[in-house]
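So the sequence lines, in the order shown, correspond to chains A and B. Sequential numbering from 5 applies to the first sequence in my numbering. Sequential numbering from 5 applies to the second sequence in my numbering. Every residue, glycine too, gets a C-beta built ideally from N, C-alpha and C. Shown next, in structure tokens, is the structure this report addresses.
2 protein chains.
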Amino acid sequence: MVLSERKIRILEAIINDYVQTAEPIGSRTIAKRYDLGISSATIRNEMSDLEEMGLIIQPYSSSGRVPSDKGYRLYVDSLMRQRELTPDEVAYLRKIIAANINQVDLLMQETARAVAILTNCATVVSEAPERLSRIKHVSLIPADGKSFLLLLVTDTNAVKNQIVFVDEALAEAELSVLSGMMNSILKNMTLSDLNEDIAKAISASVNNSRSTRDNSAAPSKSGFGHNGGSLSRYDRVIIAALNSIAQIIRQEDDVQVYTSGMRNILNFPEFSDVNKARAMIQALEEKDMLITLLGGDNSGIVQVVIGSENHIELLEDCSVIKASYQVGNRNFGSIGVIGPKRMNYSQGVSVLGGILKHINSVIEAICGE
Amino acid sequence: MVLSERKIRILEAIINDYVQTAEPIGSRTIAKRYDLGISSATIRNEMSDLEEMGLIIQPYSSSGRVPSDKGYRLYVDSLMRQRELTPDEVAYLRKIIAANINQVDLLMQETARAVAILTNCATVVSEAPERLSRIKHVSLIPADGKSFLLLLVTDTNAVKNQIVFVDEALAEAELSVLSGMMNSILKNMTLSDLNEDIAKAISASVNNSRSTRDNSAAPSKSGFGHNGGSLSRYDRVIIAALNSIAQIIRQEDDVQVYTSGMRNILNFPEFSDVNKARAMIQALEEKDMLITLLGGDNSGIVQVVIGSENHIELLEDCSVIKASYQVGNRNFGSIGVIGPKRMNYSQGVSVLGGILKHINSVIEAICGE
DNA sequence: GTTAGCACTCAATAAAAGTGAGTGCTAACA
DNA sequence: TGTTAGCACTCACTTTTATTGAGTGCTAAC
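Laid out in structure tokens, this is it:
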């Protein structure tokens, strides 16, 4: 059966109205509300065809029609008009971005919050798992007692810290020197390369380079030169630090996920059933699920996932609009807008597209890439 | 009217049953379920008295009774039995704490999650606003272009970072020296003392101390000694850095708040009305509100706030059990269990008390205080 | 002071009736 | 052949009415 222009118009009308009212749309409503120049009876015939094609669904006999997943898909792929952001929206987004320009984490959280407000949906942001890609800086900072604080800064300016316990107390000066050594060696390394073999190799290389670096690093500080057993001591510290770094990597849970606008979900009548609402809230609280949801193909464009296209049962009645904060070929994280299948796709796509456009320029400015 | 032993027993029975069933409790139910040795008619008379005293309420004429806020208060303050944690609960909590021993942030988040699971309520943790109390370490780390990363470590090992933009590019060695200078001066300072006047004083003191420190700090590093215009350049960097630190303080929003177990809320029949549920979710998403909620008297003991005792309208039907992660007289943050007024206070108090006991020892171990 | 008995209240549930938006089908029309 | 008016039918939703039952307050007797 051929999808005539008229059928498309009718499908569009159904989706438009359904997005607004959440009620099944009947032929008479369309005849009245849209000036298609045909009677309700004709529309009825066309609707019958659209249903046969699987684009709309009748929830029960003699009810109006509701778009099917396939119908939404057709709409999103071919029918949906590109919506421009309103000046208000642009101004609002720019304000949020400008206010959080120096902190990527906060930037992502706050933009997600802004998107939730603009779209009236829930939003989720996740840091990309590959976020800790290169070591920019390592610091060992004295803590009280037999421990120090390991600081790890990545090239995206993400900061991770961990307490490392050692056998003996270390003086600040000692740690300072060790910091310098580790810093120059680990700099620009890819964290995921730091497997055990390489850790050993580094430890060895540190030992070798010690003699050549000794004279340049704080030669006159106390407690360093005259400590005979210091060699293996430092080795132990270095190994402990490297282990901690490795541990940070292994902690894949380390990917932070932030959620905003959950309350919006409860405004949609499709979630006025508490069980539905609970399923949704539960899904939004499960980190792993959200990471799966936001993952997948991250080609940097805005994607729409409709209904059961995402393979998460709890979210089969939801659609997701997602995109990744991408600069060059680096993935900083992902953002997703989650709402009922009836959500305003056009607005969601344009808001997400708009925010990425602005944010990309901001991230580029920060990282100078 | 005197609150006889028998009245207390009846009140207790009502609260017990109501906590379990969420249904108003009638005299006949109590007579049957509790062996008080009196008939339902007598219980009815006593209940009438209890209502007169404001301890219980009749939702509508001829319905059973429900505890009032005052009734809960009496129960919590005087009647409630101290419940010991079960071995399972202790083991579970210990596991969570042990797994997150090195990161205070994560520790708080994960224990909150654990508490949510154990109590079937929502939980909230907030870092204490006074968390950034003393500077332990400041680092200026090179970033790309005309910017550097300001790293701030506090004595609780919290790490804050911010990009600072400056006029000219700075070499790593220069920043390293500046780091050292700032480090020794700012060390142990209270951030809240860092108002503008003091910032200026510090800047001056840095300028003064430059000449006396020159010989001890990396004397042979390149690009430092022979740079004639360096004085005011560094001053500008220092001022920028101090401004950034001040900015971090001003950002009171910087207090992170994490929420867990929202889904549990929807299991309570009192929230099966979507409007109630929405109010709750909304409250749980509003950072400021949660901070207010967890704030107040933080004397380190477990506190119970019943119904409208918290002055947040959205949460007037909820109770909160809260406590702060306190070590010595330092406040690391707060944790709160939020549920319906009908929540299991006894369990909540014991779980929170238990977790604080274990966590306190852990935090003490980390900070050596 | 305690209790059995009784009339009364009122939410909650169930059954019945009515409403209305919507359909499919048929026959007439351009 | 496509379009339309007309009509009978469907079915969720709303309203109405009746029924049930847990619970109360009051009174009189123990």
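Pick out whichever of the options has its Cα sitting closest to the Cα of residue i.
i        : options                                : result
B:GLN330 : B:VAL259, B:ILE139, B:MET112           : B:MET112
A:THR123 : A:ILE310, A:ASN333, A:LEU318, A:ARG267 : A:ARG267
B:MET284 : B:ARG117, B:ALA132, B:GLY265, B:ILE60  : B:GLY265
B:LYS164 : B:HIS362, B:LEU144, B:GLY352, B:THR25  : B:LEU144
A:SER312 : A:SER323, A:ALA281, A:GLY304           : A:SER323
A:THR296 : A:ASN271, A:SER338, A:SER72            : A:SER338
B:ILE316 : B:SER303, B:ILE342, B:THR263           : B:ILE342
B:SER354 : B:LYS326, B:MET5, B:LEU319, B:ASN104   : B:LYS326
B:GLY75  : B:LEU54, B:THR90, B:GLU93, B:SER65     : B:LEU54
B:VAL70  : B:THR90, B:GLN307, B:LYS36, B:GLN24    : B:GLN24
A:MET193 : A:LYS345, A:ILE121, A:LEU156, A:LEU78  : A:LEU156
A:VAL241 : A:GLY58, A:ASP109, A:LEU294, A:ALA173  : A:ALA173
B:GLY357 : B:ARG346, B:GLY340, B:PRO344           : B:GLY340
A:LEU40  : A:ILE359, A:ILE12, A:ALA175, A:ASN279  : A:ILE12
A:LEU15  : A:LEU78, A:ALA120, A:MET5, A:ASN335    : A:LEU78
B:GLU93  : B:ASN333, B:GLY184, B:THR115, B:GLU56  : B:THR115
A:VAL168 : B:ASN104, B:SER130, B:ALA17, B:GLU131  : B:ASN104
A:VAL4   : A:ILE359, A:GLU9, A:ALA132             : Any answer about residue 4 of chain A is impossible in this case: the structure gives chain A only from 5 up to 373.
Would you say residue i reaches chain B, if we count a Cβ-Cβ gap shorter than 8 Å as a contact?
i        : result
A:ILE339 : no
A:LYS74  : no
A:GLY233 : Reliability fails at A:GLY233, whose pLDDT of 39 lies under 50, so the model's placement of it is uncertain and the value that follows must be treated cautiously. No, no contact with chain B.
Along chain A, which residues have their Cβ under 9 Å away from the Cβ of residue i?
i        : result
B:MET266 : MET266, ILE285, GLN286, LEU288, GLU289
B:LEU153 : LYS140, HIS141, VAL157, ASN161, VAL163
So, does the CB of residue i fall closer than 8 Å to a CB anywhere in chain A?
i        : result
B:VAL181 : no
B:VAL94  : no
B:SER276 : yes
B:THR216 : Low confidence applies to B:THR216: its pLDDT is 45, below 50, so where it sits in the model is not reliable enough to give any reading.
Give me the chain B residues within the contact set of residue i, using Cβ-Cβ distance strictly less than 7 Å, ordered along the chain.
i        : result
A:HIS141 : ILE145
Chain A partners of residue i, CB-CB under 8 Å?
i        : result
B:ARG282 : ARG267, LEU270, ASN271
So is the beta-carbon of residue i under 7 Å away from any non-hydrogen atom of the ligand GTP?
i        : result
A:HIS315 : With respect to the ligand GTP, the structure shown offers nothing to examine, as it has no ligands at all.
I'd like the span of the alpha helix (DSSP H) that includes residue i, first residue to last.
i        : result
A:ILE269 : 266 to 269
B:GLU114 : 108 to 123
A:GLU289 : 278 to 289
A:VAL94  : 91 to 103
A:LEU59  : Careful: A:LEU59 lies outside any alpha helix (DSSP H) and carries neither H nor E.
A:GLY75  : 73 to 78
Which residues bound the beta strand (DSSP E) around residue i?
i        : result
B:VAL331 : 322 to 331
A:VAL6   : Here A:VAL6 belongs to no beta strand (DSSP E), and DSSP marks it neither H nor E.
B:PRO146 : 139 to 146
B:LEU154 : 151 to 158
A:ILE42  : From DSSP, A:ILE42 is part of no beta strand (DSSP E); its letter is neither H nor E.
A:ASN187 : No beta strand (DSSP E) contains A:ASN187, which is instead part of the alpha helix (DSSP H) from 176 to 190.
A:VAL163 : 163 to 169
B:SER130 : 126 to 131
A:VAL309 : 307 to 309
Quiz item: At a cut of 8 Å, does the stretch 146 to 157 of chain B reach the stretch 272 to 289 of chain B through at least three beta carbon pairs?
Solution: no
Exercise. Evaluate the contact criterion for the stretch 344 to 356 of chain A versus the stretch 79 to 96 of chain A: three or more CB pairs, one atom per stretch, below 8 Å.
Key: yes
Self-check item: Sufficient close CB pairs (3 or more, under 8 Å) joining the stretch 58 to 75 of chain A to the stretch 25 to 38 of chain A
Solution: yes
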